[in-house]
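Numbering (the numbering used here), first residue to last: 12 to 270.
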């Protein structure tokens, strides 16, 4: 099976990185491209959330460019090339899907995920802790979620939802005490505990905390923009009571338009 456009892309990037190519492309390193990798991935996720297939096609192309660029940089430095990347990925997918490429039998998605984790652990023999391997570059919210899911797999879990909620309430109390002390480091530490415990409440109900916060951000942004449209004077001149009325009006209008 041939993919001429993919091969063409690899050749284009190689040309851009060549002696007679583009100076900017030649100057790039894995580290200099790090922000681009994150930005392009987030833009692809935005397209998914908006169900915008035309934009998703474009954004996936931008993500693919980052992969091909990094592989070309590695090739130029004698580390690996795009073929090595594809081979390692293919080998990993085959190894982690023995029910597809082998004789293993599974009866549910749960069993597939359990087998995936077991096979992944076999591959990562140098990891000493179940928390090893969690990305340091992802958002703190996503990290908290990943940490929580991993420790729960070995039984480190609250005994009930109520005990988890009690933990959250106690964290708020400790934060209030830190505020009273006036110690900023202590306040920051306790606020972090509130966030971490709240992420676990989301996990308890199988809610993706990152997605939940993204939805909240989007909802707030839409309502605030509607407030700006409705405002009859500069927002800076609004009192708290006026703001409250304007917020509720914006919320109601958005709910009506959504229905």
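All residues carry an ideal CB built from backbone N, CA and C; glycine is no exception.
Beta-carbon gap between residue 238 and residue 265 smaller than 8 Å: no
Whose C-beta lies closer than 7 Å to the C-beta of residue 159 among residues of the same chain, with five residues either side of it excluded? 210, 211 and 214
For residue 148 and residue 45, I'd like the C-alpha separation in whole angstroms. 10 Å
Thinking residue 51 and residue 77 are a contact (beta carbons under 8 Å), I'd like their distance in whole angstroms, please. Contact between residue 51 and residue 77 holds, since their C-beta atoms are separated by about 6 Å, short of 8 Å.
Given a cut-off of 8 Å on the beta-carbon distance, is the pair residue 117 and residue 20 in contact? no
Contact defined as beta carbons within less than 8 Å: I believe residue 208 pairs with residue 182. What is the distance between those atoms, to the nearest angstrom? 5 Å
Residue 226 to residue 61, Cα distance in whole Å? If you take the alpha carbons of residue 226 and residue 61, they lie about 12 Å apart.
What first and last residue would you give for the alpha helix (DSSP H) that runs through residue 147? Taken as a continuous stretch (DSSP letters only), residue 147 belongs to no alpha helix (DSSP H), as it is neither H nor E.
For the alpha helix (DSSP H) containing residue 188, name the first residue and the last one. 172–192
CA-CA distance, residue 14 and residue 81? 20 Å
Cutting at 7 Å between CB atoms, please list the residues of its own chain near residue 37, excluding the five before and the five after it. Excluding sequence neighbours, residue 37 sits near 28.
How would you call residue 173, buried or exposed, if buried means at least 16 neighbouring beta carbons within 10 angstroms? exposed
Does any C-beta atom of chain D lie closer than 8 Å to the C-beta of residue 117? In summary, chain D is missing from the structure at hand, where a single protein chain is found.
Since I believe residue 155 is in contact with residue 206 (beta carbons under 8 Å), could you give me their beta-carbon distance rounded to a whole number of angstroms? 7 Å
Give me the residue from 254, 43, 246 and 234 with the minimum Cα distance to residue 269. 234
Exposure of residue 165, with buried meaning 16 or more beta-carbon neighbours within 10 Å: exposed
Extent of the continuous alpha helix (DSSP H) run through residue 209: 195–215
Can you tell me which of the three DSSP states residue 245 falls into? coil
Cα separation between residue 42 and residue 229? 31 Å
Would a C-beta distance cut-off of 8 Å place residue 168 and residue 186 closer than the cut-off? no
In the structure shown, what three-state DSSP assignment does residue 72 receive? helix
Span separating the alpha-carbon of residue 55 from that of residue 191: 44 Å
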